[in-house]
Amino acid sequence: MVKAVQKAIDDEEHLAVQAGTGTGKSLAYLVPSIRHAMESDSPVVVSTATIALQRQLVDRDLPRLAETLGKELPHEPTFAILKGRRNYLCRYKATAGWPEEEDQLFDPREVSATGRMVQRIQEWAEETTTGDRDELVPGVNEQAWRQFSVSAKECLGAQRCPSGAECFAELAKARAGEVDVVVTNHALLAIDAMEGMAILPEHEVVVVDEAHELVDRVTSVVTDELSEAAIALAVRRVGRLIEQPIADQLLEAGEDLKALLEAAPPGRIDELPEVLGLTLALVRDSSARCLTAMGSRGADKDDPDKAGQRKAAFTALDEVHDTAVRMLEAYGHATEVDRAEVVWLDGSTDRRPATLRVAPLSVGGMLRDKLFGERTVVLTSATLALGGTFDGLAKQWGLGDPEGRGSSSAGESDSRKRGWTGIDVGSPFDHPRAGILYVAKHLPQPGRDGLPQAYLDEIAELIEAAGGRTLGLFSSMRAAKAATEALRDRLEVPLLCQGDDSTMLLVKQFAEDEPTCLFGTLSLWQGVDVPGPSLRLVIIDRVPFPRPDDPLTSARQRHVVAKGGNGFMAVAANHAALLLAQGAGRLLRAQDDKGVVAVLDPRLATARYSGFLLNSLPPFWRTSDPAVVRTALKRLTG
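FYI, the numbering for the sequence shown is 1 to 638, going by the working numbering.
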């Protein structure tokens, strides 16, 4: 892997590397990255999907490498972590009367959880040297933190802000510009590339770790939403700065939108209803009038307090106006093939109002032009080759065929015609000898009415054979809770369920007490690392296809069909294969680990797409015989 990464950097080509757990992939990309940074005097950006991996890189891998390699290099390698501005304390906002909404402010003297958090942030603000939210332990909720942070769009800028010289976000950015390796996250990488905000220092090479999550994280960044709450926020911010009748027009448009959304059924909106089109146009036009009434964006630049008010108002208005425009333009296509975006309605809940959302059907073109066009990108993960090939994810990334075929169009610059290579460097584990893949072929197909009794019986028998030591991965929280309730009294081993406590504490308890079992859903499929005898059995209740009513994935599937492709395989099967591979990857985390991955869904053995899914999984020894599996588990756990 080191050689492949070095060659990609030298040849200025992209590289996709599947590297199994235990390969040492962090070291494999960091060593050639440090070499490139030293030789070119240009930093390498390493992007991850999770805070846990960022901390592993900054706290463990990079310090060890720096100490070891420093003796052989011109200077000891340097590194820094860089996050979005929202993650840093804003000194000006913490000390000034920032224009926030009264109903979002909390008096620290209040005897409430949020009030106590506000007080703790104020005390921490006096002593922190980084302003990094992650240093606040225990953490604080978003409501409390919002009083002390600003987004990039709300920021006054270092030149105009009275606290600009000591701004934590600017200091972090400055440090990142002086080091060899900058560690960041996929969201910030996307903002830097897609929105042209120049957050990251100039760089020639990007390493995308946990690359299987890149498309989802980029999609989240470029998804916009519109609700009455967002419009009301803009009205409150602008109401102090313009004539009330103009602001009232926007407020009335927001109330019209609220009434309309609360009466409409949730889901994808394929054709624009006339009344929704009129309401969105009203939001667009009334917010535009507010923007015009605001006047110059540079006014009050000599008065930081007033400048802060104007910046906050412009930010909120821009988001409302631009989102309404984007939603209206989403319907300006002639055919399904021409459609570029999808709009859907999320119904109201106890925590949020009914909200309209808009997202692109594909981010491949954006990634191709904005990320892959001007720099060398190395993408790596334990799961990239779905169905035994990199093609599925490569298309989602916008890379097309290897060696650049299909990855660029006529007229693009040479820098956008870089080819790419995909390699699987294997795994240090002997999967056929260390693990069994058991597919419960005899069970009925899963239905929509919860877990069948046969599934519960199968789970109980497997757990009893394993003596506990089981991680149950379910396709929904409802299924996880139902299984927990049905089996807690039936089994003699402790049974934890996600939601009983913080996920981190539950995983810790699971790892420390061998007989304990842990049931849960999506975050456990990808976020659990429990080596040793505490985990001998991974149970997966069903093939994790996306929900049929999921607006974005169903729209993407239909779009592929309209273009002549196989929408099910390109979207749903790829999604399921990725999650299955991630879930199965929980079993073997250390060289001595052994155990069973049990998939209860018989479709993994019988459906026409089963070969594609099986080829996405590690090469465990396979069986459909329940007696063989129970005997193996009993023997394994003594």
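Idealized CB from N, CA, C, for every residue including glycine.
Backbone CA spacing between E271 and L552 [nearest angstrom]: If you take the alpha carbons of E271 and L552, they lie about 15 Å apart.
Beta-carbon contacts of V439 that lie in its chain and below 6 Å, excluding the five residues immediately before and after: V599, L604, A605, S624
Boundaries of the beta strand (DSSP E) in which N185 is found, first to last residue: 181 to 185
Opposing strand residues paired with R640 [DSSP bridges]: This structure cannot settle anything about residue 640, because the visible part of the chain is limited to 1 through 638.
Where the beta strand (DSSP E) containing T623 begins and where it ends: Secondary structure note for T623: its beta strand (DSSP E) is the uninterrupted segment 621 to 623.
Strand pairing of L379, partner residues [DSSP]: A16, V208
Contact under 7 Å by Cβ, E210 with A312: no
Cβ pair G308, L156 closer than 7 Å: yes
Segment contact flag, the segment 6 to 19 with the segment 143 to 151, C-beta cutoff 8 Å, min 3 pairs: With the cut-off at 8 Å, the segment 6 to 19 and the segment 143 to 151 do not touch.
Outcome for G20 when other beta-carbon atoms lying within 10 angstroms are tallied against a minimum of 16: Taking every protein chain shown into account, the CB of G20 has 16 or more other CB atoms within 10 angstroms, so this residue is buried.
Top-ranked residue by Cα proximity to S47, from P548, D430, V205: V205
Assumed close pair A198, S220 - CB separation to whole angstroms, cut-off 8 Å: The Cβ separation is near 21 Å, so there is no contact.
Separation of V2 from Q18, as counted between CA atoms: 13 Å
For V571 and I242, the rounded distance between their alpha carbons: 48 Å
Distance between beta carbons of T470 and P494, contact taken as under 8 Å: Wrong, their Cβ atoms sit about 11 Å apart, outside the cutoff.
Closest Cα partner of V363 within the set V58, T349, A340, S348: A340
Helix, strand or coil at Y88 according to DSSP, with G and I counted as helix: strand
Check whether V235 and L250 have beta carbons under 7 Å apart: yes
Cutoff 7 Å; reference L89; Cβ partners in own chain excluding five residues on either side: Apart from the 5 residues on each side of it in sequence, L89 sits with its Cβ closer than 7 Å to the Cβ of A125, T128, G131, F148, S149, F168 in its chain, given in chain order.
Same chain, Cβ closer than 8 Å to A113, five either side skipped, listed in chain order: N141
Residue burial classification, H639 (beta-carbon count within 10 angstroms, cutoff 16): The question about residue 639 has no answer here: the residues shown for the chain are numbered 1 through 638.
Residue from R488, T23, G520 whose Cα sits closest to the Cα of D501: When the alpha-carbon of D501 is set against those of R488, T23, G520, the nearest one is in G520.
Of the residues R352, V222, G365, the one placed nearest M327, counting alpha carbons only: Out of R352, V222, G365, V222 has the C-alpha closest to the C-alpha of M327.
Between the CA atoms of A37 and S523 - distance to the nearest angstrom: 34 Å
Other residues of its chain near H575: CB distance less than 8 Å, five sequence neighbours each side excluded: P544, F545, P546, T553
Between the CA atoms of A230 and V628 - distance to the nearest angstrom: 58 Å
L535 to D318 span [Cα, whole Å]: Between the alpha carbons of L535 and D318 lies a distance of about 50 Å.
Residue from G527, G239, G532, G139 with nearest C-alpha to R310: G239
Selection from A577, A232, L261 that minimises the alpha carbon distance to F390: A577
Extent of the continuous alpha helix (DSSP H) run through C155: No alpha helix (DSSP H) holds C155; DSSP gives it neither H nor E.
Best match in A174, R86, L171 for proximity to Q143 [C-alpha to C-alpha]: With distances taken between Cα atoms, Q143 lies closest to R86.
Enclosing beta strand (DSSP E) for V275 [first to last residue]: Annotation for V275: no beta strand (DSSP E) segment contains it, though the alpha helix (DSSP H) segment containing it runs 274 to 294.
Where the beta strand (DSSP E) containing F79 begins and where it ends: 79 to 81
In chain order, each beta strand (DSSP E) run of at least 3 residues that lies wholly inside the segment 506 to 564: 517 to 520, 537 to 540
Under the three-state DSSP convention, the category L496 falls into: strand
Local conformation of V337 per DSSP, three classes: coil
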